[in-house]
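Residues 74 to 327 (the numbering used here) are what the sequence shown spells out, left to right. Accompanying notes for the structure given below.
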Amino acid sequence: MDMIFPLAKTGAISASTNLWLAIPIGFVFGFALFHAGFTDSRRIAWAFYFKHVGVPVVMFSAIVTGMLGLWGLSLIGVLDISQVYMLPTFLLPMAVGGVIFGIGMVVGGYCPGTAAAAVATGKIDGAVFIVGFLIGSLVFGDFFPVWGDFFNSDYMGAFRLDQALSIGLGPAVLGVVVIAVGGGLGMRWVQKKFWPETETEPRNVGDTKLQGGLIAVALVIALTFAFFPTDSFIDDTVETPYYIVPRADTVAAP
74 MDMIFPLAKT
84 GAISASTNLW
94 LAIPIGFVFG
104 FALFHAGFTD
114 SRRIAWAFYF
124 KHVGVPVVMF
134 SAIVTGMLGL
144 WGLSLIGVLD
154 ISQVYMLPTF
164 LLPMAVGGVI
174 FGIGMVVGGY
184 CPGTAAAAVA
194 TGKIDGAVFI
204 VGFLIGSLVF
214 GDFFPVWGDF
224 FNSDYMGAFR
234 LDQALSIGLG
244 PAVLGVVVIA
254 VGGGLGMRWV
264 QKKFWPETET
274 EPRNVGDTKL
284 QGGLIAVALV
294 IALTFAFFPT
304 DSFIDDTVET
314 PYYIVPRADT
324 VAAP
């Protein structure tokens, strides 16, 4: 079977078509954010207190779905994973940035993406948040020479969890699925234990069975990956370029 994904990098579609596809995909993504509760700043902030854990559970579900889909498509020869860009790791700067980002989400109740989706629904607080992070971005850029060295420090390349733990890629995938499932169920238990009043809607038996079935499917697929030689699908010696088409040389302003 010929590999067809990523579409632009395999030549199935042009680079310009790839950019245009971002528009309908963005609409679908925003629609999903809205119905998952990501456009409500209270729900996002409550997640940090385990008062309403719907948002992190949805995030865990998205991570597991994307991860299993990525490796599954690569295993059957549909996706060329060597052409999928993996974000390089700058360990300490990313750790500091994660803490700052988390504090911002607790205080503001949004991240940049959910704030934009909230504005689309008419939320004023989302617009205020966008103004805030735009100003913050400008300040960060203006003072970049101050912390630029730290920003680019602790570079580790496209460093993966399996490499950090010195285990196979398959067991790492299984571990992430188990942690996601266990973490989601654990957070649900904490919410029900300490914030029972937030369970305003009765649990639908059909939805519970569907969720249980999806969890079982994810665990079975991950367990299969744990014993499958998935390492052969990644060439650790080559760092995949970010750009779909070769980047033009930078020309200095006159």
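Beta carbons are placed, not taken as given, at the ideal position from N, Cα and C, and that holds for glycine. What you are looking at is a predicted structure, and each value in this text was computed from that prediction instead of being measured.
{"Asked": "Taking C-alpha atoms, which residue in Gly-285, Tyr-228, Ile-154 and Leu-160 lies nearest to Ile-77?", "Found": "Ile-154"}
{"Asked": "Take Thr-194 as the anchor and find which of Ser-89, Trp-93 and Asp-113 has the nearest alpha-carbon.", "Found": "Asp-113"}
{"Asked": "Report buried or exposed for Ile-173, applying the criterion of at least 16 other Cβ atoms within 10 angstroms of its Cβ.", "Found": "exposed"}
{"Asked": "Just how far apart, CA to CA, sit Ser-147 and Trp-119?", "Found": "37 Å"}
{"Asked": "Look at the alpha carbon of Ala-85 and the alpha carbon of Met-159, and state the distance between them as a whole number of angstroms.", "Found": "21 Å"}
{"Asked": "Cutting at 6 Å between CB atoms, please list the residues of its own chain near Leu-152, excluding the five before and the five after it.", "Found": "Phe-78 and Leu-146"}
{"Asked": "Assuming the contact rule is C-beta atoms closer than 8 Å, Leu-164 and Met-229 should be a hit. Round their C-beta distance to whole Å, please.", "Found": "6 Å"}
{"Asked": "By DSSP, does Thr-297 sit in helix, in strand, or in coil?", "Found": "helix"}
{"Asked": "With burial defined as no fewer than 16 other Cβ atoms inside 10 Å of the residue's Cβ, what is the status of Ala-88: buried or exposed?", "Found": "exposed"}
{"Asked": "Would you mind reading off the limits of the alpha helix (DSSP H) that contains Gly-84?", "Found": "Run containing Gly-84: none; DSSP gives neither H nor E here."}
{"Asked": "Leaving out five residues on either side along the sequence, give the residues of the same chain with a beta carbon under 6 Å from the beta carbon of Asp-227.", "Found": "Phe-163, Leu-164 and Leu-165"}
{"Asked": "Can you give, in chain order, each stretch of the alpha helix (DSSP H) that sits fully within the stretch 153–208 and has at least 4 residues?", "Found": "164–181 and 185–193"}
{"Asked": "Using only the alpha-carbon positions, how far apart do Phe-107 and Gly-171 sit?", "Found": "24 Å"}
{"Asked": "Tell me which same chain residues have a C-beta within less than 6 Å of the C-beta of Pro-129, skipping the five on either side of it?", "Found": "Ala-120"}
{"Asked": "Distance check for Asp-235 and Ala-190, CA to CA, integer angstroms please.", "Found": "34 Å"}
{"Asked": "Taking Gly-255 as part of the alpha helix (DSSP H), name the residues at either end of that continuous run.", "Found": "242–267"}
{"Asked": "What are the boundary residues of the alpha helix (DSSP H) that includes Gly-127?", "Found": "127–148"}
{"Asked": "What whole-angstrom Cβ distance do Met-140 and Val-249 have, given they're in contact under 8 Å?", "Found": "6 Å"}
{"Asked": "Using the Cα positions of Gly-214 and Phe-224, report the straight-line distance between them to the nearest angstrom.", "Found": "12 Å"}
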